[in-house]
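Let me begin by presenting the structure, written as structure tokens, before commenting on it.
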Amino acid sequence: VVLMFLFQMDPTRISKEHAHCVRTLFGHQESTDLHDASFESQEAKLMPESCRSVKQALQRAVQREVQRAMGRTPPRPEKAAMEALGLELYKRNKPEKQPFAHLIIDDKNIPSGTRKVNLTSWHHDKGQANLSNMTFHDGKLIVNQDGFYYLYANICFRHHETSGNL
Numbered sequence: 001v002v003l004m005f006l007f008q009m010d011p012t013r014i015s016k017e018h019a020h021c022v023r024t025l026f027g028h029q030e031s032t033d034l035h036d037a038s039f040e041s042q043e044a045k046l047m048p049e050s051c052r053s054v055k056q057a058l059q060r061a062v063q064r065e066v067q068r069a070m071g072r073t074p075p076r077p078e079k080a081a082m083e084a085l086g087l088e089l090y091k092r093n094k095p096e097k098q099p100f101a102h103l104i105i106d107d108k109n110i111p112s113g114t115r116k117v118n119l120t121s122w123h124h125d126k127g128q129a130n131l132s133n134m135t136f137h138d139g140k141l142i143v144n145q146d147g148f149y150y151l152y153a154n155i156c157f158r159h160h161e162t163s164g165n166l
């Protein structure tokens, strides 16, 4: 956690004084608990303001990490409200089925002996080809809903040439 805290700090802001503060805090931690009331009152008198701010930032970082590890990070009220609003808008605009397309190449339009194939000729209505909330027209797949989509291709080479020029 301490390394994460140090890496999160702006490197241009890490001074020898801050490094000394961190070493001092851990030196005190070995001898006493950081939350001990007597240590807190002594610390307030002896520690410079910059060290107190480093200690408070470190305590917040440790607290966030502990809460994250326990799965109980309390959301900030404004963040929770925005997430609820975003989820409501998503549910309101969500189609019944998510858009997807599974197309199969139309191999009848591929000339024999061709090594390079332009993949614009597809079967969108034969075999296992399937479209949902999309349309296919003139070699173009048209998505009817704005958003981010995954694109993948599964290519199987099943045809072999027998010309001997392999």
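Going by UniProt numbering, the residue at position 145 of the sequence shown is 145; the numbering climbs one at a time, nothing skipped. The beta carbon of each residue, even a glycine, is placed where N, CA and C say it ideally should be. Note that the structure is a prediction, hence the values are computed from the model and not measured.
(message) Only counting the same chain, and skipping five residues up and downstream in sequence, which positions put a Cβ closer than 6 Å to that of residue 57?
(response) none
(request) To the nearest angstrom, report how far apart residue 151 and residue 137 are at their CA atoms. (result) 18 Å
(request) Taking only the alpha-carbon atoms, compute the straight-line gap between residue 101 and residue 131 and give it to the nearest angstrom. (result) 4 Å
(request) Would you kindly report the start and end of the unbroken beta strand (DSSP E) that includes residue 53? (result) Not the beta strand (DSSP E): residue 53 falls in the alpha helix (DSSP H), residues 49 to 70.
(request) Go to residue 136, then tell me how far its beta strand (DSSP E) extends in each direction, as first and last residue. (result) 134 to 137
(request) Return the CA-CA distance between residue 104 and residue 134, expressed in angstroms with no decimal places. (result) 15 Å
(request) Could you tell me which residues DSSP pairs with residue 101 in its beta bridges? (result) 131
(message) Pop quiz: residue 17 and residue 53 are said to be a contact at Cβ under 8 Å. What is the actual Cβ separation, rounded to whole angstroms?
(response) Residue 17 to residue 53, Cβ: 11 Å. No contact.
(message) Whole angstroms are fine: how far does the CA of residue 67 sit from the CA of residue 55?
(response) 18 Å
(request) Spell out the partners DSSP gives residue 141 in its beta bridges. (result) 136
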